[in-house]
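The structure under discussion appears below in the form of structure tokens.
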């Protein structure tokens, strides 16, 4: 798995936190702690899937185009990173005479497939609103610790 999913969720939660406000790729990148080019690439995918809309030019940027409580993290995962739980490389060689070497790829593929199904099912139970609520809970905990 790569970090694109995390960046996408972070970006969308930020936009949900700033309702009705545009955020430029530079603003989002600063908040995510990455570069604007990476943000633009991810946001382009999110735009294609209808999660955000864009406004070009000065004062432009991205705005949330969905209800945070109606978008599951699984939907975002499928749009950004679906199928990435399985690594690109697997040990073994199907042409080997050794039973282990010849079959480990298929066995591992099955494990990754099953794990991905469980992961997506878990993400399906959580929404952007869930993430935003957890962030707001962190804010309350920090305020309580300061008192």
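In the working numbering, the protein residues as written are 3 to 149.
Yeah, the Cβ is synthetic: ideal placement off N, Cα and C, and Gly gets one too.
Since the model is a prediction, treat every value here as computed from it, not as a measurement.
Kindly list the residues whose CB is nearer than 7 Å to the CB of residue i, restricted to its own chain and excluding five residues on each side of it in sequence; keep chain order.
i	result
residue 11	75, 78 and 133
On a CA-only basis, which of the options is nearest residue i? Give me that one, please.
i	options	result
residue 16	70, 39, 47 and 5	70
residue 55	91, 13 and 86	13
residue 88	57, 118 and 127	118
residue 81	58, 45 and 123	45
residue 94	85, 86 and 110	110
residue 23	141, 65, 84 and 140	65
residue 63	141, 127, 113 and 26	26
residue 52	58, 40, 67 and 43	67
Taking only three categories from DSSP, how would you classify residue i?
i	result
residue 65	strand
residue 9	helix
residue 122	helix
residue 74	strand
residue 97	coil
residue 20	coil
Give me, in chain order, the residues of the same chain whose beta-carbon lies closer than 6 Å to that of residue i; leave out the 5 immediate sequence neighbours on both sides.
i	result
residue 96	104
residue 41	27, 30 and 31
Quick one: what's residue i bridged to in DSSP?
i	result
residue 88	Answer is none; residue 88 lacks a bridge partner.
residue 55	65
residue 35	BP columns for residue 35 are empty, so no partner.
residue 25	64
residue 129	74
Using C-beta distances below 8 Å, list every residue in its chain close to residue i, excluding the 5 sequence neighbours before and after it, in chain order.
i	result
residue 129	70, 71, 72, 73, 74 and 75
residue 120	none
residue 123	76
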